[in-house]
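Worksheet for the structure shown next.
Residue numbers (the numbering used here): 895 to 1000.
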């Protein structure tokens, strides 16, 4: 499977018009990196740690459960999540799957 773009990090030149891709997942990485994105990620991590990961998890679970509860009252909308006991693990996540009548799936 070839990535959509290659650079000197994901492949090496073998001839004037040839290259060999890396055999591992690094073929999908780029040598160039967005400094702004890296700084933004660092700021987001700092902010999340300041708030507290447990607080964030509680808020996300509360909001997603509220959406699940309220969505059943909307005509043409069905909550498509699996029940927590069928999933196993730690239960439902903050991602809510909805089926909306008249709108096809992705």
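All C-beta atoms in this analysis are idealised placements derived from N, C-alpha and C, irrespective of residue type, glycine included. Keep in mind it's a predicted model, so treat the numbers as computed, not measured.
Checklist entry - Taking the Cβ atom as the reference point for each residue, do residue 900 and residue 913 lie within a distance shorter than 8 Å? => result yes
Checklist entry - Would you say residue 931 touches the ligand NAD, meaning its beta carbon is less than 7 Å from a heavy atom? => result As far as ligands go, the structure on display features none, and thus does not contain the ligand NAD.
Checklist entry - Just how far apart, CA to CA, sit residue 909 and residue 941? => result 48 Å
Checklist entry - Taking the DSSP output, what are the residues bridged to residue 899? => result None; residue 899 has no bridge partner.
Next on the checklist: Quick check: the Cα distance between residue 923 and residue 988, rounded to an integer number of angstroms?
Outcome noted: 29 Å
Checklist entry - Excluding five sequence neighbours on each side, which residues of the same chain lie with their C-beta closer than 6 Å to the C-beta of residue 972? => result 993
Next on the checklist: Less than 8 Å between C-beta atoms, sequence neighbours within five positions excluded: which residues of the same chain meet that for residue 902?
Outcome noted: 925
Item to check | Where residue 992 falls: helix, strand or coil (DSSP) | outcome: strand
Checklist entry - CA-CA distance, residue 986 and residue 950? => result It is roughly 15 Å from the alpha-carbon of residue 986 to the alpha-carbon of residue 950.
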